[in-house]
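Position 92, counted from 1, in the sequence shown is what our numbering calls 1212; the numbers after and before it change by one each time, with no gaps.
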Amino acid sequence: MVTVTGGSNKRVSLAALIAVRPGCRPRLIYRVHRGRRTGKDQRKGFTEADYAGLLDAAHQQLGGPLVVVWDNLNTHVSAAMTELVAARDWLTVFRLPPYAHELNPVELVWSHLKRSLANLAKRNLGQLTALVKTRLKRMQYRSGLLDGFLASTGLDLTPFCTPH
């Protein structure tokens, strides 16, 4: 039997994107935050600034402009995020229709991750965070898996994947 403390509201929050570039394998870029909530009015998960940081890092890693296809998470559609997107001339954002999770390949990343964590017990948030990072890192090097996530959406990515 493993004793786990469960009285806190600490959590592991994740954000990711799958980058597609002509002539290259798809790339999974992610960020992990844990137990961030410190005050009553602060968001538990990712903030607009956190998402902007992820996009900035992706832009730097990929070395070019980004076209992002986003779901309608409240943080993605907020006025603050609209301002952050407008301030980046290298960023173009398209929105998925509401309730269209099946068109979002990152949802499949989360599903795959959750299945890989099933029936595992960790003693604390640190152990869980380390395991999540290890599993995401493994996914980063499985381009066939990422290709499958992209293909399962049924979206035509040809304009983004064909060298010009």
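Positions of the beta carbon are idealized from the N, C-alpha and C atoms, including for glycine.
* Do the stretch 1269-1279 and the stretch 1134-1145 meet, that is, are 3 or more Cβ pairs less than 8 angstroms apart? -> Yes: at least three Cβ pairs fall under 8 angstroms.
* Which parts of the stretch 1188-1241 are runs of the alpha helix (DSSP H), unbroken and 4 residues or longer, counting only runs that do not cross its ends? -> 1199-1206 and 1225-1237, all fully within the stretch 1188-1241.
* Taking Leu1228 and Tyr1150 to be in contact with their CB atoms under 8 angstroms, please state how far apart those CB atoms are, rounded to whole angstroms. => As a position in the sequence shown, residue 1228 is number 108, starting the count at 1. As a position in the sequence shown, residue 1150 is number 30, starting the count at 1. For Leu1228 against Tyr1150, the beta-carbon gap comes to about 14 angstroms, at or over 8 angstroms, which does not count as contact.
* Sort out for me which residues DSSP pairs Ser1133 with in a bridge. => Taking the sequence shown and counting its residues from 1, the one referred to as residue 1133 is at position 13. The beta-bridge partner set that DSSP reports for Ser1133 consists of His1153.
* Leu1256, DSSP secondary structure in three states -> The residue you call residue 1256 lines up with position 136 of the sequence shown. In the structure shown, Leu1256 sits in a helix (DSSP, three-state: H, G or I).
* Asked: Near Leu1233, what residues of its chain come up, given a Cβ to Cβ distance below 6 angstroms and the 5 sequence neighbours on each side ignored?
  -> Counted from its first residue, the sequence shown places residue 1233 at position 113. Around Leu1233: Arg1255.
* Within its chain, find whatever has a CB closer than 6 angstroms to the CB of Arg1147; leave out the 5 residues flanking it on each side and keep chain order. => Residue numbering aside, residue 1147 sits at position 27 when the sequence shown is read from its first letter. These residues qualify, in order along the chain: Ala1139.
* To do: Taking all protein chains shown into account, decide if Pro1217 is buried (16 or more other Cβ within 10 angstroms of its Cβ) or exposed.
  => Along the sequence shown, one-based indexing puts residue 1217 at 97. Here Pro1217 is exposed: its Cβ has fewer than 16 other Cβ atoms, across all protein chains shown, within 10 Å.
* Mind checking Tyr1261: buried by the 16 CB within 10 Å criterion, or exposed? -> Residue numbering aside, residue 1261 sits at position 141 when the sequence shown is read from its first letter. It is exposed - the Cβ of Tyr1261 has fewer than 16 other Cβ atoms within 10 Å.
* Report, in whole angstroms, the separation of the C-beta atoms of Val1152 and Thr1249, which I expect to be a contact under 8 angstroms. => In the sequence shown, the residue the question calls residue 1152 occupies position 32. In the sequence shown, the residue the question calls residue 1249 occupies position 129. Rounded, the Cβ-Cβ distance is 6 angstroms, consistent with contact.
* Between the beta-carbon of Leu1134 and the beta-carbon of Ala1172, is there less than 8 angstroms? -> If you number the sequence shown from 1, residue 1134 lands on position 14. If you number the sequence shown from 1, residue 1172 lands on position 52. At the C-beta level, Leu1134 and Ala1172 stay beyond 8 angstroms of one another.
* **For Gln1181 and Arg1215, the rounded distance between their alpha carbons** => The residue you call residue 1215 lines up with position 95 of the sequence shown. The residue you call residue 1181 lines up with position 61 of the sequence shown. One Cα belongs to Arg1215, the other to Gln1181, and the distance between them is close to 23 angstroms.
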